[in-house]
Structure formats: C-alpha cells, structure tokens
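In this note's numbering, the protein residues as written are 4 to 342. Report on the structure given below.
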Ligand code: WQD
C-alpha cells in the first residue's frame with residue numbers, strides 16, 4: 004500500500020517509515036518540521052536506501068494536503084503530526100486545539116474527496132486520565148487532565164463519528180504507552196528540542212554529560228519504590244504495531260481501538276538503574292518534588308492487539324536502554340547537523 008505519514012519525520016513516524024518499507028509498503032512523508040529535523044530524511048535513506056518523497060507542509064492547510072492527494076494515489080494515512088507537550092498544552096491550549104484538531108479535520112475532508120478509506124491515528128494512553136484500576140483495557144473510562152490529552156480524545160471521537168457515518172471508512176486508534184529506544188543502527192532516535200520533558204531522553208542526556216543529574220519527580224507515590232511506574236515500549240515494537248494496524252484497517256471497516264504497550268510497569272528508579280547497569284554508565288539523580296499532574300502508575304493490557312492484529316511487543320527493557328544509548332552516544336546533540 005502507498006501510505007502517507009503525517010509527522011513522518013518525527014520520532015515515531017520515522018521508525019514507522021522504516022518498518023513500513025521493510026514490510027513492502029510505499030511511504031510518503033508530510034511534515035512541517037516544527038518538532039523534527041530534515042536530517043531525518045537523510046538517515047532514513049541511509050537505513051532503507053529509499054529516498055522517501057517529502058512534502059514540507061502544514062497538514063491543517065487544505066490546499067497543501069489536496070496537492071499531496073492529487074499527485075499520489077494514496078491508500079492509507081497514518082496521522083502522527085501534532086503538538087505533544089503536556090505541560091506546554093496547559094499554557095497555550097488554543098494553539099493545541101487549533102493545530103491538533105484542524106489537521107485531523109483537513110485530512111478527513113481530503114481523504115473523503117479522494118476515496119481514501121484507511122486512517123490510523125496516533126493516540127495516547129493519556130486519554131485514560133487517572134486510571135481507576137490497572138492494567139488498562141481499551142473499554143475502560145476515558146477523561147483527560149490536560150489540553151493535549153483532550154485533543155487526542157476529541158480526535159478519537161471525531162474519527163469514530165465520521166467512520167460511523169461513512170461505511171467505507173476504516174479507522175484504527177492506537178493508544179501508545181511510553182515509547183523509548185531507537186533503531187538498532189543508532190542513526191535515528193528521539194531528539195527532543197530543549198530540555199527533555201520525558202524520562203528516557205533526560206536519562207540519556209545525563210549519561211552523555213549534557214545534563215548534570217536526573218530529577219526524580221517524587222518518591223512518595225503508591226508504587227513498589229515510591230517513584231512513578233510506566234509501561235515503556237520499544238519504539239521499533241511500536242512502529243511494527245502501526246504496520247499491523249494498517250493491515251488491520253485495510254481488511255476491516257468501522258473503528259477499532261488498541262493499546263500499544265508491553266503490559267509491564269517499571270519505576271523511575273528501575274529505569275535509571277537498568278540504563279546505568281546495561282550501558283555501564285553513571286546516571287546521577289536527585290529526588291525532588293512531584294511534577295503536577297503526574298499519576299502513580301500506568302500500564303497496559305495489550306491482549307486485544309495480539310488477539311485481533313497478532314501484534315505484541317517483543318523487546319525488553321535492557322534492549323530499550325541499550326538502543327537508546329547507542330543512538331545518544333552516536334549523536335550526542337541529536338540531529339544537530341541540521342543546516
Ligand atoms: C515518566 C515517569 C515522571 C521526567 C508523557 C505524556 C504522555 C506520552 C508519554 C505523548 C513519570 C518521571 C519524568 C523526569 C522524572 N506522550 N520523570 N523525571 O508523563 O508518563 O507520559 O509522555 O503521548 O502523553 O504524558 O512520561 O517520560 O514524562 O514520565 O522523574 O525528568 O518519569 O514523573 O513518573 P509520562 P514521562
């Protein structure tokens with residue numbers, strides 16, 4: 004199939020491009036590089052030997068999106084493009100709602116005009132809000148604690164309603180848990196701009212010497228060692244989940260939701276210890292105050308993805324830590340070569 008990846012130059016999009024090409028699909032990337040670097044396309048050429056067609060566009064701009072669909076016979080869309088910083092979304096909610104909703108609405112309108120009927124959406128476990136019980140199952144209650152999460156849940160609702168009204172449309176909503184790690188080549192990986200919000204890129208920047216220590220946000224949570232517990236999933240496993248979702252969408256109609264997680268929860272201190280031990284590198288840390296809005300624990304029941312898509316995560320935490328370190332130590336400043 005010919006697949007349009009919006010935000011395809013990003014962390015998860017770029018890893019998904021590699022796995023789609025490996026599975027024999029064709030890929031087109033649309034990205035405005037607001038949170039990614041053009042250097043990623045060069046690295047993807049290195050890894051796959053394919054010069055992936057690129058459209059540098061704002062996916063909310065209907066004219067620009069129309070051009071992509073009129074120049075290419077697209078079979079499916081995987082929609083990654085969006086603003087995704089939880090903290091930032093509380094300070095500029097209007098920008099998050101405008102961008103994250105408009106992009107989806109524009110894609111749906113243009114897809115309808117061109118009879119493209121497969122839509123895979125990058126959603127997030129954040130739509131579950133504060134879990135009432137664990138592990139999280141797809142049918143459990145949803146409700147968000149920040150505008151970013153609400154944009155994900157609103158997009159899920161929009162896609163569900165549009166698919167209900169259009170019997171030809173197939174929608175798959177993928178609720179990611181905590182993606183970490185990098186492609187085995189060490190040539191693509193997570194490259195947050197500025198100070199990393201997320202734990203693993205912060206750990207790896209401390210390990211490489213860019214930051215002095217990890218600030219552990221609280222050790223008084225109701226967890227095994229008092230620090231936050233999350234379901235970390237290797238980004239390559241996540242990418243393979245998108246290939247499975249694409250093939251599922253192509254053989255089904257209507258809307259389906261899948262958790263993409265491992266089912267295992269690890270604490271912040273376990274992450275720091277594992278990363279340090281596996282990579283034989285020091286990771287100093289300090290316990291500090293909780294981060295507002297953080298929850299004690301969150302991890303998936305991923306049985307449905309295996310039952311319906313025959314997909315499950317295969318890589319363990321040590322592989323996630325080792326691959327993160329290979330990326331970081333090969334690219335101390337990320338894709339800093341950006342011209
Ligand atoms: C993980 C754990 C922190 C940083 C977020 C988004 C979610 C999704 C994934 C997009 C928590 C602790 C973190 C640090 C720390 N993104 N921590 N020191 O918050 O589970 O999820 O990213 O979809 O929507 O909410 O991930 O990596 O920020 O935090 O102690 O410097 O590490 O308290 O327990 P989170 P995270």
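All C-beta atoms, glycine included, are put in the ideal place defined by N, C-alpha and C.
From residue i to residue j, what distance separates their C-alpha atoms?
i, j, result
"residue 262", "residue 214", "33 angstroms"
"residue 338", "residue 106", "26 angstroms"
"residue 341", "residue 172", "With a pLDDT of only 47 at residue 341, under the threshold of 50, the placement of this residue in the model should not be trusted; the figure read from the coordinates follows. Each residue's alpha carbon lies about 39 angstroms from the other."
"residue 241", "residue 316", "7 angstroms"
"residue 330", "residue 208", "11 angstroms"
"residue 320", "residue 235", "8 angstroms"
"residue 243", "residue 6", "14 angstroms"
"residue 99", "residue 167", "26 angstroms"
"residue 191", "residue 43", "7 angstroms"
"residue 218", "residue 229", "14 angstroms"
"residue 184", "residue 279", "15 angstroms"
"residue 147", "residue 90", "13 angstroms"
"residue 204", "residue 198", "9 angstroms"
"residue 296", "residue 151", "13 angstroms"
"residue 60", "residue 87", "18 angstroms"
"residue 248", "residue 287", "39 angstroms"
May I ask you to report which of helix, strand or coil DSSP gives residue i?
i, result
"residue 198", "coil"
"residue 128", "helix"
"residue 183", "strand"
"residue 173", "strand"
"residue 79", "strand"
"residue 26", "coil"
"residue 32", "strand"
"residue 235", "strand"
"residue 9", "strand"
"residue 300", "strand"
Within 10 angstroms of the Cβ of residue i, are there 16 or more other Cβ atoms? Answer buried if so, exposed if not.
i, result
"residue 292", "exposed"
"residue 212", "exposed"
"residue 133", "exposed"
"residue 48", "exposed"
"residue 225", "exposed"
"residue 144", "exposed"
"residue 53", "exposed"
"residue 164", "exposed"
"residue 223", "exposed"
Regarding residue i and ligand 1, is the C-beta to nearest heavy atom distance less than 7 angstroms?
i, result
"residue 188", "no"
"residue 205", "yes"
"residue 319", "no"
"residue 25", "no"
"residue 271", "yes"
"residue 222", "no"
"residue 44", "no"
"residue 315", "no"
"residue 286", "no"
"residue 217", "yes"
"residue 297", "yes"
"residue 202", "yes"
"residue 304", "no"
Nearest chain B C-beta to residue i closer than 8 angstroms, yes or no?
i, result
"residue 324", "The structure shown has no chain B; it contains just one protein chain."
Q: Enumerate, from N- to C-terminal direction, the unbroken beta strand (DSSP E) stretches of 3 or more residues contained entirely within the segment 240-298.
A: Runs found: 257-263 and 288-291.
Q: Starting from the N-terminal side, write out each stretch of the alpha helix (DSSP H) that is 4 residues or longer and does not extend beyond the segment 80-146.
A: If only uninterrupted alpha helix (DSSP H) runs of at least 4 residues are considered, those enclosed by the segment 80-146 are 89-94 and 96-116.
Q.
Quick check on the DSSP output: what are the complete beta strand (DSSP E) runs of length 3 or more inside the segment 36-76, in order along the chain?
A. Assignment of beta strand (DSSP E) within the segment 36-76, counting only whole runs of 3 or more residues, yields no such run.
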